[in-house]
Amino acid sequence: MTDPKQDFSVDREDLERFMGAALAVAGADQASAEAVTRALVTASRMGTDSHGLRLLPHYLQALKGGRIKGAPNMVFHQRLAATGFLDADDGLGHLAGYSAMEHAVAMAEEVGMGAVAVGNSSHFGAAGCYALAAAERGYLGMAFCNSDPFVLLHDGAKPFHGTNPIAFAAPVAGEQPYLLDMATSSVPWNRVQQYGAIGRELPDQVAANAAGEVSRVPSEIAALLPLGGSDFGFKGAGLGGMVEVLSSTLSGMQHGFKLLPMGGPDMSTPRGVGHFFLAMKPDAFVEEGTFAKGMADYLADLRAQPASPNARVMAPGDREWRCQAKRDAEGIPLDSANQSAYAEIAEKYQIAPLTRLD
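If you want it as structure tokens, here you go:
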């Protein structure tokens with residue numbers, strides 16, 4: 015009998031099968047289910063489980079409650095040659111994200127750049143998934159998103175910005191893309207929940223209690239600190255504000271401070287999340303091959319730099335690609351909290367449970 019306290023691993027295809035089946039039963043159409051599955055599995059393959067498989071129960075709850083439409087009528091309005099707006103119709107943010115980046119790439123192919131603001135959307139998981147979607151097709155990609163307030167302003171006592179992520183990806187000839195995916199808070203909110211679920215203490219200078227005091231106990235956390243912590247949080251707060259302007263102001267949505275909480279208790283009212291996506295065609299700026307050579311030279315020089323003892327210098331994405339290779343070979347692990355959550359989903363939605371890899 016499996017010890018529920020120990021992690022066990024599952025095959026990527028089995029996880030995709032399970033997610034797709036659960037989402038379909040919950041009311042997601044095929045395009046929505048495929049987009050959610052793609053994003054969550056992409057994140058978990060790269061080791062970002064806080065934005066990967068751990069989020070499936072939340073999306074199922076939001077679909078059941080009516081907050082999110084499982085079969086939205088998303089409409090794209092191209093405004094100018096390189097700009098447009100996608101009305102996500104309160105659908106799943108993953109479908110909105112991949113759809114918006116598709117439109118951005120199509121415009122970039124024609125005129126060198128493409129930018130899409132998205133409104134009436136919902137949580138879209140890991141921002142890096144959408145920047146990566148552009149890089150995998152040879153384009154530079156950027157993705158931004160606002161969220162409800164989790165993060166203190168610098169010297170603030172109450173949450174104001176969301177974790178408001180920034181993601182950037184660039185193609186690298188013959189290699190996996192360069193990939194930066196970061197919250198503008200010291201850590202994502204999902205990381206606090208993940209640490210709490212497994213009984214792990216938080217690092218210092220990343221989160222605060224209700225009094226605005228730094229705390230390392232997940233159960234005490236009422237807010238996150240902006241990137242930079244207590245002393246240099248003005249940097250993270252400024253970046254969070256930039257993301258807010260691009261995500262909500264540019265798309266005509268209300269800013270994150272006024273959004274309904276992602277975690278409820280209202281799971282029937284749409285939240286109106288905003289996103290922003292940018293795609294750029296490298297050869298629209300310089301002669302063909304110039305960018306590819308420059309990236310190769312830059313990364314070679316970066317990785318060749320001396321490192322601290324027992325460490326190794328890596329470019330953004332290197333750690334994720336190593337994790338992906340390992341998990342593709344050995345399986346994607348589920349901690350005890352996710353084992354329980356997925357077992358409950360299997361029973362509730364009457365779908366075949368995940369199979370443990372030996």
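Numbering (the numbering used here), first residue to last: 15 to 372.
Heads up, the beta-carbon is just placed ideally off N, CA and C, and yes, glycines get one too.
Residue i versus residue j - alpha carbon distance
| i | j | result |
| --- | --- | --- |
| Ile180 | Gly170 | 22 angstroms |
| Glu116 | Ala225 | 44 angstroms |
| Met15 | Gly139 | For Met15, the predicted model reports a pLDDT of 36, less than 50, meaning its position is unreliable and no value from the coordinates is stated. |
| Ile359 | Lys78 | 13 angstroms |
| Ser199 | Val119 | 29 angstroms |
| Arg370 | Asp349 | 12 angstroms |
| Leu292 | Gly303 | 21 angstroms |
| Gln75 | Asn223 | 27 angstroms |
| Gly243 | Asp372 | 42 angstroms |
| Ala95 | Gly126 | 10 angstroms |
| Glu189 | Leu154 | 15 angstroms |
| Phe32 | Glu150 | 26 angstroms |
| Pro323 | Ala329 | 18 angstroms |
| Lys280 | Trp335 | The amino acid occupying residue 280 in the given sequence is Asp; Lys does not appear at that position. Straight-line Cα distance between these residues: approximately 37 angstroms. |
| Pro18 | Gln353 | Because Pro18 sits at a pLDDT of 48, beneath the cut-off of 50, its placement in the model cannot be relied upon, and the point is left open. |
| Ser58 | Gly345 | 10 angstroms |
| Gly286 | Met156 | 21 angstroms |
| Leu29 | Asp245 | 42 angstroms |
Residue i classed as buried or exposed, judged by whether at least 16 other C-beta atoms fall within 10 angstroms
| i | result |
| --- | --- |
| Thr283 | exposed |
| Ile212 | exposed |
| Val130 | buried |
| Ala237 | buried |
| His175 | buried |
| Phe299 | exposed |
| Lys295 | buried |
| Asp297 | exposed |
| Asn258 | Before going on, a small fix: residue 258 reads as Glu here, not Asn. Buried: at least 16 other Cβ atoms inside 10 Å. |
| Ala373 | Residue 373 cannot be examined here, being either before or after the span of the chain that is shown, 15 to 372. |
| Arg205 | buried |
Residue i (DSSP reduced to helix, strand or coil)
| i | result |
| --- | --- |
| Val5 | With the chain represented from 15 up to 372, any question about residue 5 goes unanswered, as that position is not in the structure. |
| Ala171 | coil |
| Met373 | Here the chain comprises residues numbered 15 to 372, so residue 373 is not present and cannot be evaluated. |
| Gly250 | helix |
| Phe158 | strand |
| Ala42 | coil |
| Phe164 | coil |
| Phe299 | coil |
Range of the contiguous alpha helix (DSSP H) that encloses residue i
| i | result |
| --- | --- |
| Tyr363 | Tyr363 -> no alpha helix (DSSP H), and no H or E assigned at all. |
| Met309 | Thr304 to Arg317 |
| Val206 | Trp203 to Ala211 |
Limits of the beta strand (DSSP E) - the one that residue i falls within
| i | result |
| --- | --- |
| Met276 | Where Met276 is concerned, there is no enclosing beta strand (DSSP E), given that its DSSP letter is neither H nor E. |
| Met328 | Note, Met328: premise wrong, no beta strand (DSSP E); not H, not E. |
| Val287 | Val287 to Met294 |
| Val220 | Neither: Val220 is in no beta strand (DSSP E) and is coded neither H nor E. |
| Val24 | Phe22 to Val24 |
| Ile346 | Ile346 to Leu348 |
Residue i Cβ short of 6 angstroms to the ligand PLP heavy atom set
| i | result |
| --- | --- |
| Asn324 | Absence of the ligand PLP from the depicted structure is noted, as is the absence of any ligand whatsoever, leaving it without description. |
Could you name each continuous beta strand (DSSP E) segment of 3 residues or more that falls completely within the region 77-154, going from the start of the chain to the end? 89-94, 97-101 and 127-135
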